[in-house]
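The opening position of the sequence shown corresponds to residue 218 in the numbering used here, with each subsequent residue numbered one higher. Glycine is no exception: its CB is placed at the ideal position from the N, C-alpha and C atoms.
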Amino acid sequence: MAKRMTGQELIGCFDEALRNGHIFVCYQPKINHTTGRMIGAEALMRWKHPEFGMQYPSDFIPVLEENDLIYKADLHVFEDVCKFQKALLTDRISAVPISFNMSRHDIIHEDYIDLLEKIRIKYDIPVRLLHVEITESSAIGGMELVTGTLRKLHELGYKVEMDDFGSGYSSLNVLKDLDVDVIKLDMRFLSGDIGGRGGTIISSIVQMTKWLNTPVVAEGVETIEQADYMKSIGCSYIQGYLYSKPVEAEEFTEKLRRFDHEPAAAAMDLISTMDAGKFWDPNSLETLIFNNYVGGAAIFRYQNGKCDILRINQKYMKEIGMNMTEKEILCSDPMDSFDEENKQIFEDTLNRAIRSCDEESCETWRNVCSKICGPDRICVRSDVRMIGKAENEYIFYAMVRNITAEKKRFMAVEDSERKFRMASEHANVYAWEYIFSTKQMRPCYRCMRDLGVPAVVENYPDPVFETGLFPMDYKDMYYEMLRKLEDGAEKLEAIIPLTVGRIPFHVRYTTEFDENGKPLKAYGSATLVVDGE
Ligand code: C2E
Ligand code: CA
Ligand code: CA
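The following block contains the structure:
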């Protein structure tokens, strides 16, 4: 009699289940729907209790996770998969990569990957025959853990598949930040009516993954309509009941004998299959992809030194639209907004991207004009990638960011530094800043040049007395001065002779405070005492 076991019961017989093979692995093939060949399979955990019958992952996996037993079960699955692959290799049955599931409950065990490697090496399985499936939600509450794990797995040569893609909200962001080799798109999260919103989301995601050149496997595909639809939008890799339910090892071996296999390649070679014409039709490329994307994005055509913008998203308008309408932007050639120098920079970047077939970046100034703001000059960072090519006509995907404010701030700092340097050159002023928390002193250029002070003086002011720059008999007075500043004095001044000839200087300090009124820095200056002072 099949019976759903309670958490207590499951935990009670967990060790025994592992020992006696009640916990075992089923395999579900991944098929290329276009060729009918098998490209891989997924290992799925099963638990058949001798008395209570089949238990379901949706019931027992959460229990194992809560009790920190899942990593043991997952290691067991991994070992089963290795044994399975070993048997195929021994019997000379051609194998396909088999993916196994890894969750954040596994990777919080620091030695998890080492343990996997030990098992793999014990059975001597080539790493290409083992893929890792990791879920997007593993990234929740700590991207570092996942990125670190990904790096380790990649270093060891494992291909990593992102599981259940599309189930979370941050999907596209996650995709940008995690370097995965395959994306698994679960139809069950997205489907409903493939002609409607679900379909739009799916095709947009597939489109996006093509630009990233990452193959997609559609999971949970139950009907031929779903499979055909996925194929029609350029995703032929299918895993689901349509082809096969998860089956036990023996039956899977039979399938391996029957199916032809093929290696999983990138979803398609974008450049050769790109239908550039599509971008002309405003209804063909769903707006969604763009509007879901994190930043401003545009698609444009580049031909004979001219650009036509084909498509932009809402955030593009925000970033560099400057109150222009979408229509105004679509009708304008961005090339016209550049002066000669910036045009050259931009074109060089496009040409680099054409040659490298990779992302290339530049920062350029553009002259823009809008009815509301009038003429203006903005600085834009563009990351461009060629996504299509016909005879001397290129289609680009660009991500843009308006960095005018940052740039101006940077230029202002540069400018004030320059002015400061010039002023001190001319005014017979030495200037420096003293940072209370670190006891560091940073002198101006003149101090360095004329007085030989290094760029940073640690443990200030000890060294200036040690080197004899300030006379020793002023030591107590000077320390007292700094102490007062540290205690909150806003301004202090004194006459101190520089030892070099004991020429008197007028030393002034002004303190800068943080928002709590705590002293941060003191700005010091020294000017020659002129007659009459
Ligand atoms: P998952 O990793 O997303 O696995 C795919 C699930 O979809 C499997 O459910 C599979 O049987 C089911 N499925 C495949 N094709 C279809 C279809 O066409 N229609 C429908 N309705 N379902 C389909 P399963 O085996 O019940 O596993 C459920 C979840 O339990 C898995 O989701 C995975 O998150 C977890 N799981 C399974 N095995 C393991 C394991 O060895 N280790 C860990 N940590 N988790 C596992
Ligand atoms: Ca999975
Ligand atoms: Ca999945």
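Below 8 Å, enough C-beta pairs join the segment 293-310 and the segment 334-353 to call them touching: three or more.
DSSP, read as helix, strand or coil, puts Glu650 in strand.
Rounded to whole angstroms, Gln657 and Leu745 show a C-alpha spacing of 24 Å. Rounded to whole angstroms, the separation of the alpha carbons of Ile315 and Val601 is 35 Å. About 10 Å separates the beta carbons of Ile455 and Val433, which is beyond the 8 Å limit, so they are not a contact pair. Here His723 is bridged, per DSSP, to Ile712, Thr744. Between ligand 2 and Ser316, a heavy atom-to-CB distance of less than 8 Å is present.
Comparing C-alpha distances from Asp553 to each of Thr684, Val585, Ile620 shows the shortest one belongs to Val585. Per DSSP, Lys656 is not a residue of any alpha helix (DSSP H), being assigned neither H nor E.
In the three-state DSSP reduction, Met319 falls in the strand class (E or B).
Of the heavy atoms belonging to ligand 3, at least one sits nearer than 8 Å to the Cβ of Lys401. Apart from the 5 residues on each side of it in sequence, Thr621 sits with its Cβ closer than 6 Å to the Cβ of Ile595, Cys596 in its chain, given in chain order. Assignment of His478 by DSSP, reduced to helix, strand and coil, places it in the strand class. Residue environment analysis places Gln225 among the exposed positions, since fewer than 16 neighbouring C-beta atoms fall within 10 angstroms of its C-beta. In the DSSP assignment, Lys265 forms a beta bridge with Met271. With distances taken between CA atoms, Pro246 lies nearest to Ile256 out of Ser449, Glu378, Ile256.
A direct Cα-to-Cα measurement between Thr566 and Glu577 gives close to 6 Å. For His293, no beta strand (DSSP E) segment is defined; the enclosing uninterrupted segment is the alpha helix (DSSP H) at 287-307. As a beta-bridge residue in DSSP terms, Val399 pairs with Glu378. Closer than 8 Å to some heavy atom of ligand 3: that does not describe the Cβ of Glu576.
In this structure, the CA atom of His348 is about 36 Å from the CA atom of Asn530.
Counting only runs of at least 3 residues, the segment 545-621 fully encloses the following beta strand (DSSP E) elements, listed from N- to C-terminal order: 577-587, 591-607, 610-619. Pairing Tyr647 with Lys738 gives a Cβ-Cβ distance that is not under 9 Å. In the structure shown, Arg221 falls within a coil segment according to DSSP collapsed to helix, strand and coil.
When Glu729, His239, Ala435, Ile325 are compared, the shortest CA-CA separation from Gly457 is found for Ala435. Taking a 10 Å sphere around the C-beta of Phe563, we find 16 or more other C-beta atoms and assign the residue as buried. For the pair Lys535 and Gly513, the Cα-to-Cα distance works out to about 8 Å. Here Phe613 is actually not in contact with Arg583; their C-beta atoms are around 16 Å apart, not less than 8 Å. Residues of the same chain with a CB within less than 7 Å of the CB of Ile278, apart from the 5 flanking positions on each side, are Ile287 in chain order.
With a contact defined as Cβ atoms closer than 8 Å, Pro688 and Thr716 qualify at about 5 Å. For Tyr519, the CB contacts under 7 Å within the same chain, skipping 5 residues up- and downstream, are Leu567, Tyr611, Phe613 in chain order. Beta-bridge pairing by DSSP links Cys524 to Tyr519.
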